[in-house]
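Here's the structure, in structure tokens; my notes come after.
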Amino acid sequence: MGTASAAGGQAAPLPGRSPADGYLEHAAGYVLNDGPKLITSRLVHDDSFTLARYEATGGYDGLRAALETTPAAVHDEVRAATLLGRGGAGFPAGVKWGFLPPGKHPYYLVVNGDESEPGTYKDRLLMERDPHQLIEGCLIACYALGLQQCFLYVRGEMALAQERIAAALNEAYAAGYVGRGICGSDFSVDIVMAWGAGAYIVGEETGLIESLEGRRGMPRLKPPYFPAAVGLYGQPTIVNNVETLSNLPWLMVNGSDAYKGFGSESSPGTRMFAVSGHLRRPGVYEVEHGVTTFRELLYGDNFCRGIRDGHELKMFIPGGGSAPWFFEDHLDLPLEARPVGAAGSMLGSGAIVVMDDTTDAVRAAWRVVKFFARESCGKCTPCREGTTWLEQILRRILDGDGRPSDIDLLLDVGDNISPGPYPVAAHDGQEAVPFPPRQTTICPLGPSAVAPVVSTIRRFRHEYEAKITRRDPIPIEVVPVGASQ
Amino acid sequence: MTLSAANEARAAEIISMFPRPRSALIPLLHLAQAQDGYLTDEAMRRIGELVGATPAEVKGTAGFYEMFRFEPLGTYLVNVCTNISCFLWGGEELLEHACESLGVEVGGTTDDRMFTVEEAECIAACTEAPCLQVNYRYRGRMTPDDFDRLIEDLRDGRVDVAGHGVLAQVSQMIPADRLAGVVPPERAREAPVWLGRNEAGVTG
Numbered sequence: 001m002g003t004a005s006a007a008g009g010q011a012a013p014l015p016g017r018s019p020a021d022g023y024l025e026h027a028a029g030y031v032l033n034d035g036p037k038l039i040t041s042r043l044v045h046d047d048s049f050t051l052a053r054y055e056a057t058g059g060y061d062g063l064r065a066a067l068e069t070t071p072a073a074v075h076d077e078v079r080a081a082t083l084l085g086r087g088g089a090g091f092p093a094g095v096k097w098g099f100l101p102p103g104k105h106p107y108y109l110v111v112n113g114d115e116s117e118p119g120t121y122k123d124r125l126l127m128e129r130d131p132h133q134l135i136e137g138c139l140i141a142c143y144a145l146g147l148q149q150c151f152l153y154v155r156g157e158m159a160l161a162q163e164r165i166a167a168a169l170n171e172a173y174a175a176g177y178v179g180r181g182i183c184g185s186d187f188s189v190d191i192v193m194a195w196g197a198g199a200y201i202v203g204e205e206t207g208l209i210e211s212l213e214g215r216r217g218m219p220r221l222k223p224p225y226f227p228a229a230v231g232l233y234g235q236p237t238i239v240n241n242v243e244t245l246s247n248l249p250w251l252m253v254n255g256s257d258a259y260k261g262f263g264s265e266s267s268p269g270t271r272m273f274a275v276s277g278h279l280r281r282p283g284v285y286e287v288e289h290g291v292t293t294f295r296e297l298l299y300g301d302n303f304c305r306g307i308r309d310g311h312e313l314k315m316f317i318p319g320g321g322s323a324p325w326f327f328e329d330h331l332d333l334p335l336e337a338r339p340v341g342a343a344g345s346m347l348g349s350g351a352i353v354v355m356d357d358t359t360d361a362v363r364a365a366w367r368v369v370k371f372f373a374r375e376s377c378g379k380c381t382p383c384r385e386g387t388t389w390l391e392q393i394l395r396r397i398l399d400g401d402g403r404p405s406d407i408d409l410l411l412d413v414g415d416n417i418s419p420g421p422y423p424v425a426a427h428d429g430q431e432a433v434p435f436p437p438r439q440t441t442i443c444p445l446g447p448s449a450v451a452p453v454v455s456t457i458r459r460f461r462h463e464y465e466a467k468i469t470r471r472d473p474i475p476i477e478v479v480p481v482g483a484s485q
Numbered sequence: 001m002t003l004s005a006a007n008e009a010r011a012a013e014i015i016s017m018f019p020r021p022r023s024a025l026i027p028l029l030h031l032a033q034a035q036d037g038y039l040t041d042e043a044m045r046r047i048g049e050l051v052g053a054t055p056a057e058v059k060g061t062a063g064f065y066e067m068f069r070f071e072p073l074g075t076y077l078v079n080v081c082t083n084i085s086c087f088l089w090g091g092e093e094l095l096e097h098a099c100e101s102l103g104v105e106v107g108g109t110t111d112d113r114m115f116t117v118e119e120a121e122c123i124a125a126c127t128e129a130p131c132l133q134v135n136y137r138y139r140g141r142m143t144p145d146d147f148d149r150l151i152e153d154l155r156d157g158r159v160d161v162a163g164h165g166v167l168a169q170v171s172q173m174i175p176a177d178r179l180a181g182v183v184p185p186e187r188a189r190e191a192p193v194w195l196g197r198n199e200a201g202v203t204g
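First to last, the sequence lines map onto chains A and B.
The letter at position 276 of the first sequence is residue 276 when you use the working numbering, and the numbering goes up by one with no holes.
The letter at position 68 of the second sequence is residue 68 when you use the working numbering, and the numbering goes up by one with no holes.
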């Protein structure tokens with residue numbers, strides 16, 4: 001354990017909460033506010049996870065609507081809606097679906113419910129609170145693409161989500177929504193729950209497939225870049241995020257035109273954001289995609305209502321632990337992939353972590369780097385060695401053993417994982433370097449560990465320098481070769 | 001110990017849900033861990049036989065995943081999150097308090113074998129910081145006092161949390177007459193019938 005109270009301010013009592021603030025007792029963290037509810041409409045009910053409630057609130061109508069039209073028409077509808085993937089990369093689902101090579105059956109669907117990105121927890125809420133919506137989304141995707149089996153992979157640590165999904169699948173099978181002859185039609189597909197056992201890297205889609213094949217969840221070499229070409233058992237496989245699929249029932253019932261009535265033109269619909277940290281009203285919000293700004297989300301009365309009393313914003317992570325950090329200058333950016341990417345970061349997994357002026361930038365960066373060092377799968381040397389080096393160098397700076405050369409060393413180690421200019425936000429007249437980073441690794445985990453380091457050195461170099469009191473070089477005793485000890 | 005008769009039957013059901021037996025490996029390891037609280041060599045050897053993997057492959061795979069344990073833990077595994085969002089609201093102090101009040105180091109188990117305390121990375125309850133899990137069941141917005149009360153309640157049996165290794169209390173069951181059919185990929189080369197549907201709803 002390190003020294004206590006270094007984050008500052010955390011001795012302050014936790015702010016109170018009341019139902020009047022929109023918090024629901026049965027869905028911890030979710031805030032029911034004003035605004036469109038496309039995928040969280042049922043969360044207000046404490047029995048939202050049951051088939052009875054689901055059917056009473058329009059459940060499986062999207063599946064019925066899909067079954068009344070052709071698979072190709074369903075695919076067209078999803079393509080027309082520009083439904084962007086909600087896992088992190090933000091790739092349009094309809095386009096990803098189009099990568100399936102014709103005729104190479106069987107095709108599989110793998111649902112990525114391995115939500116582990118620091119700061120993120122929307123998929124867990126959707127799995128725990130509305131599992132039937134996810135199951136219906138899976139069915140619509142399987143119908144549209146001719147996918148022959150679906151594997152719903154839930155993060156290992158989420159015992160309640162596993163329980164709710166298992167129970168929902170049992171109900172859905174018994175009611176004829178899943179399995180043989182769905183709703184009396186010729187559409188038949190099995191959905192099977194699988195679950196992990198504690199490995200962040202399994203959230204990477206090829207790592208997830210390895211895990212589903214009963215192996216270590218290490219990402220596969222690319223190319224092929226997309227599991228849609230070569231995936232589970234070498235077969236074409238669609239890997240979609242939980243939130244992405246949870247949008248499909250609404251989309252099938254209401255159509256792509258209605259869907260595009262929300263959000264911006266290039267980022268339609270709504271998106272879930274988990275906003276945590278030093279806020280008056282932290283929570284998971286369903287937000288109109290692309291039109292809401294960070295300022296509105298962090299300070300707006302309908303959302304987080306500002307930084308906790310008596311403090312100012314210092315910095316925030318805009319898209320999960322892997323994202324370069326933002327500052328006050330970036331508050332007016334819209335919650336939309338392209339402008340956020342151009343400004344040097346990413347919206348990623350919809351996780352925003354807000355830090356106020358009591359936060360120690362170096363220690364906060366170390367916390368995030370330590371995560372990646374622990375979770376590196378060890379396949380690529382720059383990541384396996386580099387993330388550990390970054391963690392240990394930051395640790396010695398925090399412990400008072402830092403050396404003046406350590407700041408350059410951190411940047412150099414980072415450059416070995418992600419060569420060239422690393423994505424950063426504009427600062428002090430210097431322009432932003434756009435996302436994504438380059439990488440010497442198979443997957444983006446290694447480059448993600450560089451994000452907090454570069455972000456904080458760029459903006460708070462003086463905090464590093466203040467912690468480095470040692471003088472170079474560290475005196476060492478030189479023992480000549482061959483000298484007797 | 002090796003798998004019980006009931007778990008042998010459950011293992012067969014799990015294997016039947018996947019196109020290849022090896023895909024059942026992780027679920028079966030969870031089944032064994034739920035039975036014994038950790039993975040015994042006997043159970044891993046048996047699971048290897050069931051899914052067609054060597055004992056070394058089974059242990060080598062299990063060792064990759066943090067949740068699998070090769071030694072017994074306390075009845076209750078307490079995972080205190082110290083990742084960024086919890087750190088901002090006192091996660092480090094909560095972990096320190098947990099260790100002090102139970103008299104263990106991080107990773108240690110109490111003498112009565114009731115509690116093991118570990119430092120967790122983000123467990124996806126970030127607005128509920130600082131948070132922890134007891135055998136993977138959530139407790140959010142924990143103060144040191146809340147923590148002590150929770151420990152007392154667990155000791156006195158006032159809260160019901162299943163022993164380490166047990167995750168979901170409900171298992172997926174597919175009735176034989178509802179199963180669409182799970183077959184290895186080499187036996188599913190034909191396009192599914194519904195994919196050929198045309199505008200008139202006729203399969204062609």
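For glycine and all other residues, C-beta sits at the position ideal for the given N, C-alpha and C.
Secondary-structure assignment with DSSP links Y138 (chain B) through a beta bridge to B:Q133. Counting the other CB atoms within 10 Å of its CB gives F18 (chain B) a total of 16 or more, which places it among the buried residues.
Using a Cβ-Cβ cut-off of 7 Å, Q148 (chain A) is close to A188, P192 of chain B, given in chain order. Taking the beta carbon of S211 (chain A) as reference, the chain B residues within 7 Å of it are I26, listed in sequence order. For the set A:C138, A:H278, A:L232, A:Y464, the Cα lying nearest the Cα of E186 (chain B) is the one of A:L232.
Between the beta-carbon of E105 (chain B) and that of V80 (chain B) there is about 13 Å, and that puts the pair past the 8 Å contact cut. Of the candidates B:A12, B:A5, B:Y38, the residue whose Cα lies closest to the Cα of Y65 (chain B) is B:Y38.
Residue pairing by DSSP places M355 (chain A) opposite A:M315 in a beta bridge.
Within chain A, A166 have C-beta atoms less than 7 Å from the C-beta of S171 (chain B), given in sequence order. Along the stretch 177-241 of chain A, the alpha helix (DSSP H) occurs as fully enclosed runs of 4 or more residues at 205-212, listed in sequence order.
Within 7 Å of the CB of H278 (chain A), the CB atoms of chain B belong to L88, in sequence order along the chain. Under the three-state reduction of DSSP output, C81 (chain B) falls in the strand class. Across the structure, C304 (chain A) and M67 (chain B) are spaced so that their CA atoms are roughly 34 Å apart. Neighbourhood of E13 (chain B) in chain A, by CB distance below 9 Å: empty, with the nearest CB roughly 11 Å away.
For W194 (chain B), the closest alpha carbon among the candidates A:I191, A:R180, A:G203, A:G207 is that of A:R180. The C-alpha of G88 (chain A) is placed about 24 Å away from the C-alpha of C131 (chain B). The continuous beta strand (DSSP E) containing S276 (chain A) extends over residues 270-277. Among the CB atoms of chain A, none fall inside 8 Å of the CB of R155 (chain B). Judged by their CB atoms, L245 (chain A) and V78 (chain A) are not nearer to each other than the 8 Å cut-off. Remark: C-beta atoms of C380 (chain A) and T441 (chain A) approach each other more closely than 8 Å.
C-alpha of M44 (chain B) to C-alpha of A11 (chain B): approximately 13 Å in a straight line. With distances taken between CA atoms, Y173 (chain A) lies nearest to B:L179 out of B:P184, B:L179, B:Q33. Per DSSP, reduced to three states, the secondary structure at V340 (chain A) is helical. Looking only at B:A6, B:R20, B:A9, B:E13, the smallest Cα-Cα distance to L212 (chain A) is reached by B:R20. Comparing alpha-carbon positions, the option among A:T120, A:R155, A:Q162 lying closest to D130 (chain A) turns out to be A:Q162. Annotated three-state conformation of P175 (chain B) is coil, per DSSP.
Comparing alpha-carbon positions, the option among A:V284, A:P318, A:S455, A:E210 lying closest to T293 (chain A) turns out to be A:P318.
Within the stretch 170-204 of chain A, the residues whose Cβ lies closer than 8 Å to any Cβ of chain B are, in chain order, N170, Y173, A174, G176, V178, G179, R180, S185, D186, F187, S188, V189, D190, V192, M193, A194, W195, G196, A197, G198, A199, Y200. Where E121 (chain B) is concerned, there is no enclosing alpha helix (DSSP H), because DSSP gives it neither an H nor an E. Secondary structure at Q33 (chain B): helix, using DSSP grouped into helix, strand and coil. Contact fails between the stretch 120-140 of chain B and the stretch 127-146 of chain A, because fewer than three Cβ pairs, one in each stretch, are under 8 Å apart. Under a 10 Å Cβ-count criterion, D329 (chain A) is classified as exposed, with fewer than 16 other Cβ atoms of the shown protein chains found around its own Cβ.
Rounded to the nearest whole angstrom, the CA to CA distance from Q172 (chain B) to K370 (chain A) is 36 Å. Assignment of beta strand (DSSP E) within the stretch 124-171 of chain A, counting only whole runs of 3 or more residues, yields 147-154 in chain order.
Residues of chain A with a Cβ closer than 9 Å to the Cβ of H30 (chain B) are, in chain order, G156, W195, A197.
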